[in-house]
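Asker: Submitted below is the structure of interest, expressed as structure tokens.
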Amino acid sequence: MDSIIQRIFDVAVIGAGPAGIAAALAAAETGASVALIDDNPAPGGQIWRGGRNASHHLEARRWLERLSKSRVTLIGGTRVFYAHSGALEAESDHSLWQLLYGKLILATGARELFLPFPGWTMPNVFGAGGLQALVKSGLPVKGKHVVIAGTGPLLLAVAAYLCERGADVLCICEQAPFARLRAFTLGMASYPGKLVETAQLRFRSRRAPYLTSAWPVAALGQDRLQAVRISDNGRLREIECEYLACGFHLVPNLELARALDCRVVDGFVGVNELQETSQPGVYCAGEPTGIGGVELSIVEGQIAGHAAAGRVSSAKRLLTTRARSRRAVKAMKKAFALRPELAALATPDTLLCRCEDVSFEAAQKHATWRAAKLHSRCGMGPCQGRVCGAAAEFLFGWTMDSSRPPIFPARCSSLAAISTPASPAQGHGGSQ
Amino acid sequence: MTRAADVLIVGAGIVGAACALELAKAGVRVTILEERFVSAGATGASMGHIVVMDDSEAQFSLTRYSQVLWEELHEELPPDVEYERCGTIWIAADEEEMAEVRRKCSYYADRGVPAEILDPRSLHDAEPHLRVPLAGGLFVAGDSVIYPPAAASFLLQRAVELGATLHLGKAVVSLGKGNAGLADGTTLSAGRLINAAGQFAPKLTCGIQIKPRKGHLVITDRYPGTVRHQLVELGYLKSAHSLTSDSVAFNIQPRKTGQLLIGSSRQYNAEHDEVDSAILSRMLERAFEYLPAVASFAGIRIWTGFRPATPDKLPLIGPWLDDPTLYIASGHEGLGITTSLATGKLICAQILGQSPAIPAEPYLPSRQTVSETNVEAHV
Ligand SMILES: Cc1cc2nc3c(=O)[nH]c(=O)nc-3n(C[C@H](O)[C@H](O)[C@H](O)COP(=O)(O)OP(=O)(O)OC[C@H]3O[C@@H](n4cnc5c(N)ncnc54)[C@H](O)[C@@H]3O)c2cc1C
Ligand SMILES: Cc1cc2nc3c(=O)[nH]c(=O)nc-3n(C[C@H](O)[C@H](O)[C@H](O)COP(=O)(O)OP(=O)(O)OC[C@H]3O[C@@H](n4cnc5c(N)ncnc54)[C@H](O)[C@@H]3O)c2cc1C
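Order-wise, the sequence lines are chains A and B.
The first sequence lines up with residues 1 to 432 when you count with the numbering used here.
The second sequence lines up with residues 1001 to 1379 when you count with the numbering used here.
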């Protein structure tokens, strides 16, 4: 039997990426008791975690140092799998955590979007961030031929990192057309931080040609990747490589927000001026409110942290900074919007759901995500539709309804120990 | 007004689907109207245990007839229905329940249902992960497991191949006298109407007594080989009978994928589909008592569903009072996956004026008006 740990905090922050760290530190400044919970052993989120990523090295170190010196209680290696108003249930390797909170800040970040194309499930085809993470944790890439494809600034970040580690990045295929990207880069001129960042990334991956209007059409090989076929400005060609790193920008992690019945608008959590969601006392910061990068995540986290701790004036002082960073959200959304051709890459037998082996064709014949789940088992596996659900949203225009609890798979003993909340749980379960 | 078909069925759950296929096979022109999508109701939330039960003679004959029909059909079922003739083991925890095992066994034997008494040793051999000690069990080999949404789709697809028409996204707001009024303002007419709207049947036909009875289920990740039969505690008989209080029972199902489906809970007066952590907890603790290994298994999804329950625990199958066009096929409570096929046969025989294979009287909806007062007094 696992040990059950019960704690009470004024503010609970879920997610120890840039947004969550900034939020926890801001809230703790007032003397409030603050818990910062993340499913990874170490704090930092997608970008500051492990390894060294030179472009963020200094900033990351500064924040992580502040965190370690603060009174924030860091609960690492612990995953929140159930949320009710006023209480969270989280699981680590041998413990179940029951955390009562006064205010809650959701800083759950984003994940990469994968789109199915023939061969995308073949060994050595990875997500862009996924390959980066593997390299960070020791996969050697020195001298390996790598193709990076998909969309968004993450491709450049990953290319730069892999080059730094000695990989031979053959090319970066960006699906967006050049004209859109140029508009984006010019627009960025007003944001010095961003511009420098982008330029630096370009510089470091300068040996790798940056193709625009280019995307992967098929991953080729017998039991492992041998080449990738790309569409490059309307021409098909094949490039031999050992790794393909593929990502079609980011989608927010909304499961917790949905479980708490927070209003979701156009695929993102709706928040007011102070980052408060439609549920009073529940705040949201970082990628779930709009994909905007690190700077925005930090300032949103600070605002949410101050506001949750009751320091509204401190929060309000940051509104102009946030407004400036927020413009990047729109610009990015426009620049990296997915082109319709990408919805037509899968053949009928291309897998859409890897957990349950559901083909594109088997899912496609249904009218809604719920019907497809029920009848084809798409999204019913252990990843709970995190991969195929987001793809299906783009491919078929389906909208995701509230997902069923738990938010992450959890031991049955933990599910049995879910406490009965003081007020009724909100928004769990579909509308069966 | 358009003459849609000979028979119009409201509801594309497993019961509506089975009725549609039976009628289509008899050459009747059928139209099915479904508000949401196929199996959107109880059918999509249920366990899919095809089981012979003996709470009453009437329940026995309907479930046994159905079990045989499923067995006859099984070779035609596509793989996604995941038909598995795994059998049921009714588990006896103590001597009192062992006495029930012996009674049940002779009841089944008298009626030609193969059943075998297991002593503690053979129970342990059959299911090594069950806790020890247990008093024994009853193995009913003919019971099986299916994936209900796929089964309903299969039945409907067959019906459509035989000329039936399926309309999804069509909500019926009024039903009677040969007409179905739709939410979009149109009216469809037919010689016969079947209300197969499950727990929502009373909304369309005033006077039907069906109440939703909420259940929780948990599905785990894949642990192939842990459980080989559908396992149900006999204590279930004590708890499931209660018409008023909430109850839980150990009931676990091995899926073809190696996943385990864990039930079951029964609650009245629970209208929301949200997970009720208190009853979920009782249900899981009950499962751990019998199958301790489950406690450490990863649960990947929890959901709830509503069984369409009648006061006397028998479904309503047959003509409705003084409207000669209207038939009811609803109220199958926790056995509708099993009894859907027999329901299709009975309804079809009634509509075509043929004599059914089993007596139809115990299920006639008219009994509700006759015995209403008795039943209420009983509760
Ligand atoms: C795979 C990937 C790689 C990236 N690499 C780069 C890069 O190299 N350079 C760059 O500029 N940007 C990169 N980004 C974008 C970058 O992550 C964001 O700009 C920034 O980190 C967002 O910060 P955040 O705090 O909002 O979210 P995140 O950094 O994503 O932090 C969210 C944290 O919450 C945790 N979490 C979520 N749900 C739960 C739960 N239920 N229980 C417990 N913990 C939970 C997550 O594990 C994560 O640690 C990457 C994004 C992804 C998805
Ligand atoms: C947790 C749980 C476990 C169960 N386990 C088992 C089991 O192991 N074995 C077993 O045999 N049974 C089991 N059952 C019972 C079984 O699921 C039901 O008895 C059966 O599904 C009932 O089928 P139905 O077609 O009558 O109802 P439903 O499946 O609810 O179908 C009714 C349909 O009618 C539609 N509808 C309703 N109103 C309208 C309208 N106005 N217009 C148009 N359409 C409408 C609904 O959308 C729905 O699709 C279980 C049930 C639950 C909840």
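Glycine residues also receive a C-beta, built at the ideal position from the N, C-alpha and C atoms.
1) Using the DSSP secondary-structure output, state which residues sit across from Ala284(A) in a beta bridge.
2) Measuring from the CB of Ser1039(B), is there a heavy atom of ligand 2 at a distance below 7 angstroms?
3) Taking only the alpha-carbon atoms, compute the straight-line gap between Ile148(A) and Val1052(B) and give it to the nearest angstrom.
4) Rounding to the nearest angstrom, what Cα-Cα distance links Lys1104(B) and Met1098(B) in this structure?
5) Assuming contact is defined by CB atoms lying nearer than 8 angstroms, are Ala1042(B) and Gln1253(B) in contact in what I supplied?
6) Grouping DSSP H, G and I as helix and E and B as strand, with all else coil, what is Glu1372(B)?
7) What is the DSSP secondary structure of Trp97(A), reduced to helix, strand or coil?
8) Is the CB-CB distance between Ala948(B) and Val1030(B) below 8 angstroms?
9) Quick one: any contact between the stretch 1228-1235 of chain B and the stretch 1075-1092 of chain B, if contact means 3 or more CB pairs under 8 angstroms?
10) Closest to Leu236(A) by C-alpha separation, out of Gly221(A), His94(A), Trp215(A) and Gln226(A), would be which residue?
11) Measure the Cβ-Cβ separation of Pro1149(B) and Gly1044(B) and say whether it is below 8 angstroms.
12) For the stretch 1204-1229 of chain B, which residues have a beta carbon sitting closer than 9 angstroms to at least one beta carbon of chain A?
13) Residues of the stretch 1270-1283 of chain B with a CB closer than 9 angstroms to any CB of chain A: list them in chain order, please.
14) Which residues bound the beta strand (DSSP E) around Trp1303(B)?
15) Any heavy atom of ligand 2 inside 7 angstroms of the beta-carbon of Ser1046(B)?
16) Per the contact definition of three or more C-beta pairs closer than 8 angstroms, is the stretch 1010-1023 of chain B in contact with the stretch 1330-1337 of chain B?
17) In or out: Ile153(A) buried (at least 16 other Cβ within 10 Å) or exposed?
18) Which runs of the beta strand (DSSP E), 3 residues or longer, sit entirely within the stretch 206-245 of chain A?
19) State yes or no: is the beta carbon of Ile418(A) nearer than 8 angstroms to at least one beta carbon in chain B?
20) Tell me, please, which residues DSSP counts as bridged to Ile148(A).
21) In chain order, what residues of the same chain lie with their CB nearer than 8 angstroms to the CB of Val299(A), ignoring the 5 residues before and after it?
22) Helix, strand or coil, according to DSSP, for Val387(A) in the structure here?
23) Is the Cβ-Cβ distance between Ile1194(B) and Val1010(B) less than 8 angstroms?
24) Given Ser1153(B), which residues of its chain have a CB within under 6 angstroms of its CB, disregarding the five upstream and five downstream residues?
25) Does the CB of Ala410(A) have a neighbour CB from chain B at under 8 angstroms?
26) What I want to know is whether the C-beta of Leu256(A) ends up closer than 7 angstroms to one or more non-hydrogen atoms of ligand 1.
27) Quick check on Asn1251(B): buried or exposed, where buried means 16 or more other Cβ atoms within 10 Å of its Cβ?
28) Which same chain residues end up closer than 6 angstroms to Asn124(A) when comparing Cβ atoms and leaving out the 5 residues on each side of it in sequence?
29) Note down the Cα distance separating Leu96(A) from Asp10(A), rounded to an integer number of angstroms.
30) Quick check for students: name the residue ranges of the alpha helix (DSSP H) that lie wholly in the stretch 1153-1224 of chain B, counting only runs of 4 or more.
31) Report buried or exposed for Thr1369(B), applying the criterion of at least 16 other Cβ atoms within 10 angstroms of its Cβ.
32) Examine chain A for any beta-carbon lying closer than 8 angstroms to the beta-carbon of Phe1297(B), and answer yes or no.
33) Check the Cβ of Ile1300(B) against every Cβ in chain A and list those closer than 7 angstroms, keeping chain order.
34) Can you give me the Cβ contacts of Glu1372(B) inside the same chain, cut-off strictly under 7 angstroms, excluding the 5 residues immediately before and after it?
35) Can you tell me where the beta strand (DSSP E) holding Phe1288(B) begins and where it ends?
36) Skipping 5 residues on each side, what residues in its chain have a beta carbon closer than 7 angstroms to that of Glu255(A)?
Answerer: According to the structure data:
1) One-based indexing of the first sequence puts residue 284(A) at position 284. It should be noted that the sequence gives Cys, not Ala, for residue 284(A). Cys284(A) has Leu106(A) as its beta-bridge partners, per DSSP.
2) The residue given as residue 1039(B) occupies position 39 in the second sequence. True, at least one ligand heavy atom lies under 7 angstroms from that Cβ.
3) Position 148 of the first sequence, counting from 1, holds the residue named residue 148(A). Position 52 of the second sequence, counting from 1, holds the residue named residue 1052(B). If I take the Cα positions, the gap works out to 58 angstroms.
4) Sequence index remark: in the second sequence, residue 1104(B) carries index 104 (1-based). Sequence index remark: in the second sequence, residue 1098(B) carries index 98 (1-based). Straight-line spacing of the CA atoms in Lys1104(B) and Met1098(B) works out to 10 angstroms.
5) To locate residue 1042(B), count along the second sequence from 1; it is residue 42. To locate residue 1253(B), count along the second sequence from 1; it is residue 253. Contact check for Ala1042(B) against Gln1253(B) fails: the beta carbons are separated by 8 angstroms or more.
6) For this step, residue 1372(B) is matched to residue 372 along the second sequence. Note on Glu1372(B): pLDDT 49, under 50, position unreliable in the model; the coordinate value appears next. It is helical.
7) For the purposes of this step, residue 97(A) is taken as residue 97 along the first sequence, with counting starting at 1. In the structure shown, Trp97(A) sits in a strand (DSSP, three-state: E or B).
8) What is shown of chain B runs 1001 to 1379, which leaves residue 948(B) out entirely.
9) Yes: the two stretches touch, three or more of their Cβ pairs being nearer than 8 angstroms.
10) Taking the first residue of the first sequence as 1, we reach residue 236(A) at position 236. Distances from the CA of Leu236(A) to each of Gly221(A), His94(A), Trp215(A) and Gln226(A) were compared; the closest alpha carbon is that of Trp215(A).
11) In the second sequence, residue 1149(B) corresponds to position 149, counting from 1. In the second sequence, residue 1044(B) corresponds to position 44, counting from 1. Yes; because the gap between Cβ atoms is below 8 angstroms, this pair is in contact.
12) Contacts with chain A (Cβ-Cβ distance below 9 angstroms) from the stretch 1204-1229 of chain B involve Val1218, Ile1219, Thr1220, Asp1221 and Arg1222, listed in chain order.
13) Answer in chain order: His1272, Asp1273, Glu1274, Val1275, Asp1276, Ser1277, Ala1278, Leu1280, Ser1281, Arg1282 and Met1283.
14) Along the second sequence, one-based indexing puts residue 1303(B) at 303. Residues Ala1298 to Ala1309.
15) Here residue 1046(B) corresponds to residue number 46 of the second sequence, with the count starting at 1. The beta carbon of Ser1046(B) sits closer than 7 angstroms to at least one heavy atom of ligand 2.
16) Contact annotation: the stretch 1330-1337 of chain B touches the stretch 1010-1023 of chain B, with at least three C-beta pairs closer than 8 angstroms.
17) Start at 1 with the first residue of the first sequence, and residue 153(A) comes out as number 153. The sequence given here has Pro at residue 153(A), not Ile. Buried, by the Cβ-count rule.
18) Taking only runs of at least 3 residues, the beta strand (DSSP E) segments lying wholly in the stretch 206-245 of chain A are 210-212, 214-221, 225-232 and 235-240.
19) In the first sequence, the residue the question calls residue 418(A) occupies position 418. By this cut-off, Ile418(A) is an interface position.
20) In the first sequence, residue 148(A) corresponds to position 148, counting from 1. In the DSSP secondary-structure assignment, Ile148(A) is bridged to Ile172(A) and Ala245(A).
21) Translated into positions along the first sequence, residue 299(A) becomes position 299. Excluding residues within five positions, the ones whose Cβ falls inside 8 angstroms are Ala22, Leu318, Thr321, Arg322 and Ser325.
22) By one-based count along the first sequence, residue 387(A) stands at place 387. Residue state, collapsed to three classes: coil.
23) On the second sequence, residue 1194(B) is found 194 positions in, with the first residue counted as 1. On the second sequence, residue 1010(B) is found 10 positions in, with the first residue counted as 1. It is a contact, given that the beta carbons lie within the stated cut-off.
24) Here the question's residue 1153(B) lines up with position 153 in the second sequence. So the list reads Val1038, once near-sequence residues are dropped.
25) In the first sequence, the residue the question calls residue 410(A) occupies position 410. For Ala410(A), the closest Cβ of chain B is nearer than 8 angstroms.
26) Sequence index remark: in the first sequence, residue 256(A) carries index 256 (1-based). In this structure, ligand 1 has a non-hydrogen atom nearer than 7 angstroms to the beta-carbon of Leu256(A).
27) For this step, residue 1251(B) is matched to residue 251 along the second sequence. Its Cβ being crowded by 16 or more others within 10 Å, Asn1251(B) is buried.
28) The sequence position of residue 124(A) within the first sequence is 124, counting from 1. Correct list, in chain order: Arg224, Leu225 and Tyr243.
29) Translated into the one-based positions of the first sequence, residue 96(A) becomes position 96. Translated into the one-based positions of the first sequence, residue 10(A) becomes position 10. Distance between the alpha carbons of Leu96(A) and Asp10(A) is about 20 angstroms.
30) For the alpha helix (DSSP H) assignment, the uninterrupted runs of no fewer than 4 residues enclosed by the stretch 1153-1224 of chain B are, from N- to C-terminal side, 1201-1204.
31) As a first step, residue 1369(B) is located in the second sequence; it is residue number 369 there, counting from the start. Exposed.
32) Residue 1297(B) sits at position 297 when you count from the first residue of the second sequence. It does: the Cβ of Phe1297(B) has a partner Cβ on chain A nearer than 8 angstroms.
33) One-based indexing of the second sequence puts residue 1300(B) at position 300. Residues of chain A passing the Cβ test: Pro382, Gln384 and Pro409.
34) In the second sequence, residue 1372(B) corresponds to position 372, counting from 1. Residue placement at Glu1372(B) is poorly supported in this model, since its pLDDT is 49, which falls under 50; the coordinates are not used for a value here.
35) Residue numbering aside, residue 1288(B) sits at position 288 when the second sequence is read from its first letter. Counting along the chain, Phe1288(B) falls outside any beta strand (DSSP E), though it belongs to the alpha helix (DSSP H) covering Ser1277 to Tyr1290.
36) Within the first sequence, the letter at position 255 stands for residue 255(A). By the criterion of a C-beta distance shorter than 7 angstroms, Glu255(A) is surrounded in its chain by Ser403 and Ile407, once the five residues flanking it on both sides are discounted.
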